[in-house]
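Peer 1: Below you will find the structure I want to go over with you.
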Amino acid sequence: MALYNAKFSSFGSFAPKKVVNNFDLEKLVETSDEWIRTRTGMFERHYTSPDEAASDLATQAAIHAIESSSVKYKDIDLIVVGTVTGDHAFPSTACIVQKKLGLKDIPAFDVSAGCSGFLYSIDVARNYVENGTMKNVLVIGVDILTKITNWTDRNTCVLFGDGAGATIVSRAGKNEISHIIDSAIFSDGSQGDLLYQAAGGSRMPASHETVDKNLHTVYMEGNKIFKNAIRSMFASTDEILRRNKMEAKDVDWIIPHQANLRIIEALAEKLHVPMNKVIVNIEKYGNTSSGTIPIATDEAIRTKKIRRGDIILLTAFGAGLTWGSVLARY
Ligand code: ACO
Numbered sequence: 115m116a117l118y119n120a121k122f123s124s125f126g127s128f129a130p131k132k133v134v135n136n137f138d139l140e141k142l143v144e145t146s147d148e149w150i151r152t153r154t155g156m157f158e159r160h161y162t163s164p165d166e167a168a169s170d171l172a173t174q175a176a177i178h179a180i181e182s183s184s185v186k187y188k189d190i191d192l193i194v195v196g197t198v199t200g201d202h203a204f205p206s207t208a209c210i211v212q213k214k215l216g217l218k219d220i221p222a223f224d225v226s227a228g229c230s231g232f233l234y235s236i237d238v239a240r241n242y243v244e245n246g247t248m249k250n251v252l253v254i255g256v257d258i259l260t261k262i263t264n265w266t267d268r269n270t271c272v273l274f275g276d277g278a279g280a281t282i283v284s285r286a287g288k289n290e291i292s293h294i295i296d297s298a299i300f301s302d303g304s305q306g307d308l309l310y311q312a313a314g315g316s317r318m319p320a321s322h323e324t325v326d327k328n329l330h331t332v333y334m335e336g337n338k339i340f341k342n343a344i345r346s347m348f349a350s351t352d353e354i355l356r357r358n359k360m361e362a363k364d365v366d367w368i369i370p371h372q373a374n375l376r377i378i379e380a381l382a383e384k385l386h387v388p389m390n391k392v393i394v395n396i397e398k399y400g401n402t403s404s405g406t407i408p409i410a411t412d413e414a415i416r417t418k419k420i421r422r423g424d425i426i427l428l429t430a431f432g433a434g435l436t437w438g439s440v441l442a443r444y
């Protein structure tokens, strides 16, 4: 039973400086601007420099979100970071962000759910706020996939970019219109081998052989993931709308994970939603994994597309396999 409503206080985002476009990638692998644009909708993406790590991007996005809200640093009760490319296997990136923000004596932990990491983290935050344990949870989605990319594999290396987005999930006042209506998360571990990083964990620790064989990079069966993505994002949006007695036409903005424009268009078609109600920025960022949804939401708020009171529906899928949706009145 929820004692309180949770709401999104604010969003923030950060992308590293370096921008790489399709023509730059033509020089790296056998590909073309035309193939990448028509098959994925991507044109540019941001890449970190060698000395930047996930916590650097995450901290900048967090500062952006905190300073866009009325929440003070000292009022943050918990930090949750969705990522699969943290600074280290341990400690968690959330603990490193805590140190960088100068916050003491609060819990901080990471959530591993592939590209669904941000939505999984919102689900966690929402529960803590609704049950009264926490008042303000800093939620961050960050990934640096370019550091686990196989630069000789044209099937994957053109897809990824780096970035971070953040939100503060706060307790909403009794009469406040802004609130998270519902969230729903799912997984299917039996399909985990469609998208994974083989080496670097306890199953296959780092060795000269794993490095030589490129086993520390993203392995993905693109076609199977493509079909799963459409099916699972549709299933979770349909479920969350049905159980709240709403229809897709009641939603002002759909903010889907940005992995492929064709996936996003297929989802919109299945939901009978026109593309002008779907937030898309894939042409500028590529797939930033856990970063895509908070970056797209932040941009849409800053450009005044999304306004207070709008109904927003966030939906993601990723490695695990994992997927889910969050329905909110912003
Ligand atoms: N440039 C030129 N040709 C290419 C490229 C490229 N970059 N990549 C693949 N091709 C070729 C293939 O080799 C193949 O050629 P062939 O027919 O001669 O063998 C042809 O293009 C078609 O390949 P497909 O794999 O069928 O292409 P598809 O249309 O499925 O697009 C893609 C591939 C973009 C990867 C798509 O399947 C996709 O977006 N899948 C989902 C990816 C995704 O959503 N990932 C999410 C999670 S990522 C994460 O969590 C880390």
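So for the sequence shown, the working numbering puts the first residue at 115; every next one is plus one. Glycine included, every Cβ here is placed at the ideal spot set by N, Cα and C. Model, not experiment: these values are computed from the prediction.
(1) By Cβ distance, which residues of its chain are closer than 8 Å to G336, with the 5 residues on each side in sequence left out?
(2) So who's on the other strand from I369, going by DSSP bridges?
(3) Could you give the C-beta distance for N136 and R151, rounded to a whole number, given that I count them as a contact under 8 Å?
(4) Could you pull the start and end residues of the beta strand (DSSP E) that Y310 belongs to?
(5) Are the beta-carbon atoms belonging to V211 and V253 less than 9 Å from one another?
(6) If the criterion is Cβ atoms closer than 9 Å, does the pair A168 and I193 meet it?
(7) Beta carbon of A116: closer than 8 Å to some heavy atom of the ligand ACO?
(8) Would you give the residue range spanned by the beta strand (DSSP E) that N135 belongs to?
(9) Taking only heavy atoms of the ligand ACO into account, decide whether any of them is closer than 8 Å to the Cβ of T507.
(10) Got a sec: does the ligand ACO put a non-hydrogen atom nearer than 8 Å to the Cβ of L273?
(11) When you compare only the Cα positions, how much space is there between K341 and G303?
(12) Tell me whether I393 sits in a helix, a strand or coil according to DSSP, three-state version.
(13) Of the choices L233, G279, A286, whose alpha-carbon is the least far from that of G246?
(14) For S350, I'd like the list of residues in its chain whose CB is within less than 7 Å of its CB, leaving aside the five on either flank, ordered along the chain.
(15) Excluding the 5 residues flanking K384 on each side, which residues of the same chain have their C-beta closer than 8 Å to its C-beta?
(16) If you draw a straight line from the alpha carbon of G200 to that of V256, how long is it in whole angstroms?
(17) Taking only runs that begin and end inside the stretch 212-264, name each unbroken beta strand (DSSP E) of 3 or more residues, in chain order.
(18) Under 9 Å between the Cβ atoms of I407 and I295?
(19) Could you pull out every residue in the same chain whose Cβ sits closer than 7 Å to the Cβ of G405, ignoring the five residues on either side in sequence?
(20) Can you tell me where the alpha helix (DSSP H) holding M347 begins and where it ends?
(21) Are the C-beta of G277 and some C-beta of chain C separated by less than 9 Å?
(22) I'd like the span of the beta strand (DSSP E) that includes I295, first residue to last.
(23) Apart from the five residues on each side of it in sequence, which residues of its chain come closer than 6 Å, Cβ to Cβ, to E158?
(24) Just checking I369 against the ligand ACO - is the residue's beta carbon closer than 8 Å to any of the ligand's heavy atoms?
(25) Taking G275 as the reference, which of S403, A312, G423 has the closest Cα?
(26) Helix, strand or coil: how does DSSP classify I420 here?
(27) Hey, how far is the Cα of K213 from the Cα of E144?
(28) Cβ atoms of S284 and V225: under 9 Å apart, would you say?
(29) Could you give the residue range of the beta strand (DSSP E) that holds V325?
Peer 2: By the coordinates alone:
(1) Translated into the one-based positions of the sequence shown, residue 336 becomes position 222. The residues are N269, T270.
(2) Along the sequence shown, read from residue 1 onward, the residue named residue 369 stands at position 255. L428, per the DSSP bridge assignment.
(3) Within the sequence shown, numbered from 1, the residue matching residue 136 stands at position 22. Within the sequence shown, numbered from 1, the residue matching residue 151 stands at position 37. Correct: roughly 7 Å between the Cβ atoms.
(4) Counted from its first residue, the sequence shown places residue 310 at position 196. Unbroken beta strand (DSSP E) run through Y310: 309-311.
(5) If you number the sequence shown from 1, residue 211 lands on position 97. If you number the sequence shown from 1, residue 253 lands on position 139. In this structure, V253 does not lie closer than 9 Å to V211 by Cβ.
(6) Residue mapping note: residue 168 aligns to position 54 of the sequence shown, counting from 1. Residue mapping note: residue 193 aligns to position 79 of the sequence shown, counting from 1. Contact: no.
(7) The residue you call residue 116 lines up with position 2 of the sequence shown. Because no heavy atom of the ligand ACO lies under 8 Å away, the Cβ of A116 does not count as near it: no.
(8) Residue mapping note: residue 135 aligns to position 21 of the sequence shown, counting from 1. Where N135 is concerned, the enclosing beta strand (DSSP E) starts and stops at 132-135.
(9) Residue 507 lies beyond the range of the chain shown here (115 to 444); nothing can be said about it.
(10) Within the sequence shown, the letter at position 159 stands for residue 273. Because some heavy atom of the ligand ACO lies under 8 Å away, the Cβ of L273 counts as near it: yes.
(11) Stepping through the sequence shown from its first residue, residue 341 is reached at position 227. Stepping through the sequence shown from its first residue, residue 303 is reached at position 189. Taking C-alpha positions only, K341 is separated from G303 by approximately 16 Å.
(12) For the purposes of this step, residue 393 is taken as residue 279 along the sequence shown, with counting starting at 1. Of the three classes helix, strand and coil, the one that applies to I393 here is coil, per DSSP.
(13) Translated into the one-based positions of the sequence shown, residue 246 becomes position 132. Minimum Cα distance to G246 is reached at A286.
(14) Numbered from 1 along the sequence shown, position 236 holds the residue referred to as residue 350. Once the five neighbours on either side are set aside, the close Cβ partners of S350 are A298, F300, T429, W437, G438, S439.
(15) As a working note, residue 384 is residue 270 in the sequence shown. Excluding residues within five positions, the ones whose Cβ falls inside 8 Å are I344, F348.
(16) Numbered from its first residue, the sequence shown carries residue 200 at position 86. Numbered from its first residue, the sequence shown carries residue 256 at position 142. The alpha-carbon atoms of G200 and V256 are separated by roughly 8 Å.
(17) Counting whole runs of 3 or more residues, the stretch 212-264 contains the beta strand (DSSP E) stretches 222-225, 250-258.
(18) The sequence position of residue 407 within the sequence shown is 293, counting from 1. The sequence position of residue 295 within the sequence shown is 181, counting from 1. No, these two residues do not count as a Cβ contact at 9 Å.
(19) By one-based count along the sequence shown, residue 405 stands at place 291. G255, V256, D257, G277, A278, G279.
(20) Mapped onto the sequence shown, residue 347 falls at position 233. In this chain, the alpha helix (DSSP H) harbouring M347 covers 336-357.
(21) Looking at the structure shown, chain C is missing, and only one protein chain is on hand.
(22) Indexing the sequence shown from 1 puts residue 295 at position 181. First-last of the beta strand (DSSP E) with I295: 293-301.
(23) As a first step, residue 158 must be located in the sequence shown, where it is residue number 44. Short of 6 Å from the beta carbon of E158, and not among the five residues preceding or following it, lie these beta carbons of its own chain, in chain order: V133, N135, K398.
(24) Here residue 369 refers to the residue found at position 255 of the sequence shown. Answer for I369: no, Cβ out of range of the ligand ACO.
(25) Taking the first residue of the sequence shown as 1, we reach residue 275 at position 161. Looking only at S403, A312, G423, the smallest Cα-Cα distance to G275 is reached by S403.
(26) In the sequence shown, the residue the question calls residue 420 occupies position 306. DSSP places I420 in coil when its eight states are reduced to three.
(27) One-based indexing of the sequence shown puts residue 213 at position 99. One-based indexing of the sequence shown puts residue 144 at position 30. Looking at the two C-alpha atoms, the distance is approximately 43 Å.
(28) Counting from one through the sequence shown, the residue named residue 225 turns up at place 111. Counting from one through the sequence shown, the residue named residue 284 turns up at place 170. Cβ distance not < 9 Å, so V225 and S284 don't count as in contact.
(29) As a first step, residue 325 must be located in the sequence shown, where it is residue number 211. Annotation: V325 is outside any beta strand (DSSP E); the continuous alpha helix (DSSP H) that includes it extends over 322-326.
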